[in-house]
Amino acid sequence: MNVSRIALVGGVAASTVLLLAGTASAHVSVQPQGEAAKGGYATVNFKVPNERDDASTVKLEVSFPTDHPLASVSPQPVAGWKIDVTRSKLAKPLEVHGKKIDEAVSKVTWTADDKGIEPGFFQQFPLSVGQLPEDTDQMVFKALQTYSNKEVVRWIEEPTEGGEEPESPAPVLALSAPAADAHGATADDRSGDAAEEKTTASSDDTSSSNSDSTARVLGIVGIVVGVAGVAFGVLAGRRRNA
């Protein structure tokens, strides 16, 4: 095999790998804006690419995991799409902020009002979700992508233990470690801040007390000096008269 033929075979092989990689990566996925921390709230985007040259994506259905239900799911309006939120009864009620929740969102459906996602384009569908579970590292959402030619692609295969991506992978949201509270401070930070505030307040009180004491002393000294001056003046007057 000569050099030119080796180069040709290598080029074809490389192109095939790139093509397969592009095909494998072009699926419905979910990513957070920033981080999706365990026990917190997050905004996530479902990214939907159009994989067909002769049809548009006209519907997306996302099913939520039943083993880790979310009490709060709020979709952001998307121009040109109608949004339907389906809620279902929970087998085991959730407790959120001290309240019992007996139902949760089980599915969100986006349906195109017009052209949908045309060939060569993609669309993002944002959701605000929470409270995220604390006992898992990821959440798996199963999605159905419907095209204008009635074809339905089922993105429902869960990740395997070996780490290999299935042929039609379901969107997976990776959860990060629990974050600070909404104000960005941990419990230790808040305790430290409280102690610092207490120390500062104590210092301010001490300074104020010292200032008050100094003012009283100066006031007394001023009175004594004034009285002494008056007495001295009276005595001097008497001596001149004598």
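The sequence shown begins at -17 in my numbering and counts up one residue at a time.
All residues carry an ideal CB built from backbone N, CA and C; glycine is no exception.
By the Cβ rule, the stretch 148 to 164 does not count as touching the stretch 67 to 82, because fewer than three pairs are nearer than 8 Å. Assignment of F103 by DSSP, reduced to helix, strand and coil, places it in the coil class.
The beta carbon of A156 sits closer than 6 Å to the beta carbons of Q120 from its chain, once the five residues preceding and following it are set aside; these are given in chain order. Three or more Cβ pairs closer than 8 Å define a contact, and the stretch 126 to 142 falls short of that threshold against the stretch 13 to 23. Counting along the chain, A86 sits inside the beta strand (DSSP E) bounded by residues 81 to 94.
The Cβ neighbour count for Q106, taken over all protein chains shown within 10 Å, is under 16; the residue is labelled exposed.
Straight-line measurement puts the Cα of V87 at about 9 Å from the Cα of S56.
With distances taken between CA atoms, A125 lies nearest to P31 out of K20, D35, P59, P31. Sorting T39, F103, W137 by C-alpha distance to the C-alpha of S45 places W137 at the top. For E43, the enclosing beta strand (DSSP E) begins and ends at 39 to 45.
Contact annotation, H50 with T118: C-beta distance approximately 6 Å; criterion of less than 8 Å satisfied.
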